[in-house]
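> Here the working numbering = 1-based position in the first sequence + 29.
Even for Gly, the Cβ is constructed at its ideal location relative to N, Cα and C.
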Amino acid sequence: MVYCQPNDNIRPIIYFRIMSFISYIQLSAIKSLSQLYGQAFSENDFQLNETKPEFEGDYTIVLFVLVKALKKSPEVLGKELGEQILKDHPDFFSGYNVIKGFLNLTIDDQQLTSLLEENYTDENFGKKEPNHQKVMVEYSSPNTNKPLHLGHLRNNFLGWSVAEILKANGNEVIKTSIVNDRGIHICKSMIAWEMFAHGETPDLTNEKGDHFVGDYYVKFNDEYKKEVEELISEGKTKEVAEKEAPVMKKTQQMLLDWEQAKPEVRELWKLMNGWVYKGFDETYKRIGSDFDKTFYESNTYLLGKDFVKEGLEKNILFKKEDGSVWIDLSDKNLDEKLVLRSDGTSVYITQDIGLAQQKFEEYHLDKSIYVIGDEQLHHMKVLKEIIRKLGMPFADKIFHLSYGMVELTTGKMKSREGTVVDADDLIDEMVATAEKHTEELGKVNDFSKEELEELYEILGLGAMKFYLLRVDPKKRMIFNPEESIDFHGFTGPFVQYTYARIQSILRKIGSDEPVLNIDGIPAGKLLPLERQLIIMLEKYGNIILDAGEEMNPSIIANYVFNLAKLYNSFYAEHSVANAESSEKKKLRIAISVMTSGVIKSGLQLLGIKVPERM
RNA sequence: GGCCCCGUAGCUCAGUGGAUAGAGCAACAGCCUUCUAAGCUGUGGGUCGAACGUUCGAGUCGUUCCGGGGUCACCA
């Protein structure tokens, strides 16, 4: 985004607050081109890239397109433009070189140290001013008949992180969840509990409520399978057996009773959902998921019926002979879609229409984001289309942030086959791994028990969140237990380690020098790694922008990893505390402070905390 | 079958139409008397699924094909 024209009367340092290097260079090039060749240019007339490490320079203008337009050889054009840019912005650039069709520009060291000095203690570096946009992010949205599993974790981490990234881009964000607290699946657990529990409760068995209820869901399926097999052995067909199994009939009756608000059914329902919520809350608290507003399907499942009536009157919807109501989407390459059953009850999509409407009315949203798996791409497309056809104004403000399934190395997760990775178990395992590694290394033996436990949580969850967020959400991912448990390389703990390492340096230096108030970082020749770090730090603002536009936390994860990697190379090469001169020491302290700040900030956008020591 | 997504190193993944396609893991070889070795440095490993096409230039864009997945319920 371009905010203003570069002007030689304004010192470049001013731009640091309002404009990224890359924007500044782009405008500089446009201006110098116009001056040179007497015609107007735009950012589409050339390409601006980061210079590849094997060449000298920081940013590169690709000249080929210009070569064509201006009918000059790349060498001549590059030289003329390089000279002109340097002449126009002598403070900002210190040199250029032309190789083939590439004009490589080098930023002046003084600009880099100025940028560092301006920003190195700024906790909000890279984040944007409020843009007065209201965005709702719906995520998590669990069923209350079984505990959360690995797939839910990807959803939760993704939703939470995207919400944070959107906040960092200046949006006002409302996090919500729609709890799927009613329906046949809940009744299954309820029936099984009535049949087999003999009054047991999570308190009596000392079990987490969601797991407790989930166990009865499994028991239901076992019983159901048994009954179906019995009926088949009595000579019934599979279809008939599945319909007539007594336990299934009971469950369907219970659903009807629930809908008629039969008190004893509602009471049991409330009781068992209460157990589940208690279990969920524990998990949510542990993984850091939170919601500004929770919708319950039991409150929203009747919504949307008004629109059916209205749609019928406007002839947008039509009724079939059996009384069911449909919408024809064949003009959008979609089929006819049922919106009301023949018995007059609503289907999933009917409530979705109603809830969407409620969200926009209640919160005056500019955008509504749904974090839902990609198996519902079709459903969300249909929903959007129906809303558009019904003439609701917010159809284009609905965005489905779809993400791929998490699969295991052994294949897909299936709850009925017991091949799910339970969320709580996985977290425990990751935290235990963190404990194991930490004990082996023995660096924090002086920590109290409480401090150690906190550290294990930070590291275990950091590893897990990073593992699930480092891949493009759109792609389905394979969960490899051995790899996920690795704390080396492209992992959360690696990045956390870099942070802790910097804190260690600063603690040691801080005792005799003020670390956070360096007056005047001296100019001077920067070493390659010093330059690279400052240039990389400067990019953070654009990274936040990209991640926001794409709604993709993996952009942050990749950036923060590369930053940590670069710092570690720097660390191995140059000493901060024992720098060659006091000027270099000041500079490197500032680089270290800013690096740790950006790491902390970036990880925070992923929902990952940083330890001061590890 | 229609529509949608994916195919890059042994594995997991990066890669705004631009220079010799990059990381991590795994393998191998080095580096702890100096700021945390959960680290650093190096080596090996690729017909970017295939073929055409567009372009000065294609892993990236288009078409076709091959392979994998999803989806097309009076389920949620």
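CB-CB under 8 Å to T329, same chain, minus the five flanking residues each way: which ones, in chain order?
Excluding sequence neighbours, T329 sits near I207, Q380, G383, L384 and Q387.
> Residue ranges of each beta strand (DSSP E) run of no fewer than 3 residues wholly in the stretch 105 to 174, ordered along the chain?
If we require 3 residues or more, the beta strand (DSSP E) runs fully inside the stretch 105 to 174 come out as 122 to 128, 131 to 136 and 163 to 167.
> Between Y596 and the rest of its own chain, which residues show a CB-CB distance below 7 Å, the 5 nearest in sequence each way excluded?
Once the five neighbours on either side are set aside, the close Cβ partners of Y596 are T527, L562 and T624.
> Who does I90 pair with in a DSSP beta bridge?
Paired residue(s): L77 and L132.
> Measure the alpha-carbon distance for A586 versus F131 and round it to whole angstroms.
If I take the Cα positions, the gap works out to 30 Å.
> Go ahead and label Q282 buried or exposed: buried means 16 or more other beta carbons lie within 10 angstroms of its beta carbon, across all protein chains shown.
The residue is exposed, with fewer than 16 neighbouring Cβ atoms inside 10 Å.
> What first and last residue would you give for the alpha helix (DSSP H) that runs through M301?
Unbroken alpha helix (DSSP H) run through M301: P292 to I316.
> Less than 7 Å between the C-beta atoms of L77 and I90, yes or no?
Result yes, Cβ atoms of L77 and I90 sit closer than 7 Å.
> Below 6 Å, is the gap between the Cβ of M580 and the nearest heavy atom of the ligand NAD?
Looking for the ligand NAD in the displayed structure turns up nothing, as the structure carries no ligands at all.
> Can you name, in chain order, every residue of its own chain whose Cβ lies under 7 Å from the Cβ of L635, other than the five neighbours on each side?
Excluding positions up to five away in sequence, the list reads S190, K494, F495, L498, P582, I585 and A586.
> Examine the Cβ distances between the stretch 424 to 433 and the stretch 397 to 413 and report whether three or more of them are shorter than 8 Å.
Taking 8 Å as the limit for Cβ pairs, the verdict is that the stretch 397 to 413 does touch the stretch 424 to 433.
> So is F249 buried or exposed if we call it buried at 16+ other beta carbons inside 10 Å?
The residue in question, F249, is buried, as its Cβ has 16 or more Cβ neighbours within 10 Å.
> Which word fits G352, buried or exposed, when buried means at least 16 other C-beta atoms lie within 10 angstroms of its C-beta?
Answer is exposed; the Cβ neighbour count stays below 16.
> Under a three-way DSSP split, which group does F45 fall into?
Confidence is the limiting factor: at F45 the pLDDT is only 45, short of 50, which leaves the residue's position unreliable and the question unanswerable from this model.
> Tell me, please, whether the stretch 602 to 612 touches the stretch 223 to 238 by the rule of three or more beta-carbon pairs shorter than 8 Å.
Verdict: no, contact absent.
> Can you have a look at H517 and say buried or exposed, based on whether 16 or more other CB atoms are within 10 angstroms of its CB?
So H517 ends up on the exposed side.
> Going by DSSP, what residue range makes up the beta strand (DSSP E) through M506?
M506 to F508 is the span of the beta strand (DSSP E), which, as asked, contains M506.
> Taking F122 and T135 to be in contact with their CB atoms under 8 Å, please state how far apart those CB atoms are, rounded to whole angstroms.
Right, the Cβ-Cβ distance comes to about 6 Å (below 8 Å), so this counts as a contact.
> How many angstroms separate the CA atom of R370 from the CA atom of A270?
Taking the straight line joining both Cα atoms gives about 25 Å.
> Counting pairs of beta carbons, one from the stretch 160 to 167 and one from the stretch 191 to 204, are three or more of them closer than 8 Å?
The stretch 160 to 167 vs the stretch 191 to 204: in contact.
> I'd like to confirm the pairing. Which residues does DSSP put opposite S375 in its beta bridges?
The partner list for S375 (beta bridge, DSSP) reads L369.
> Specify the secondary structure class of N328 as computed by DSSP and reduced to three states.
Three-state result, N328: helix.
> Between the alpha carbons of M277 and D232, how many angstroms are there, rounded?
Taking the straight line joining both Cα atoms gives about 28 Å.
> I'd like to know whether the C-beta atoms of V294 and W304 end up nearer to each other than 7 Å.
For V294 and W304, no; Cβs fall outside 7 Å.
> For S621 versus I531, is the C-beta distance shorter than 7 Å?
Cβ atoms of S621 and I531: closer than 7 Å.
> Does V435 come out as helix, strand or coil in the three-state DSSP assignment?
Of the three classes helix, strand and coil, the one that applies to V435 here is strand, per DSSP.
> So, with DSSP's three-state summary, where would you put G199?
In this structure, G199 counts as coil in the three-state DSSP scheme.
> For D395, which of F423, V376 and H408 has the nearest alpha-carbon?
Nearest C-alpha to D395: F423.
> Does the stretch 324 to 340 come close enough to the stretch 235 to 249 to have 3 or more Cβ pairs within less than 8 Å?
Segments in contact, no.
> Within its chain, find whatever has a CB closer than 7 Å to the CB of P557; leave out the 5 residues flanking it on each side and keep chain order.
So no residue of the chain qualifies.
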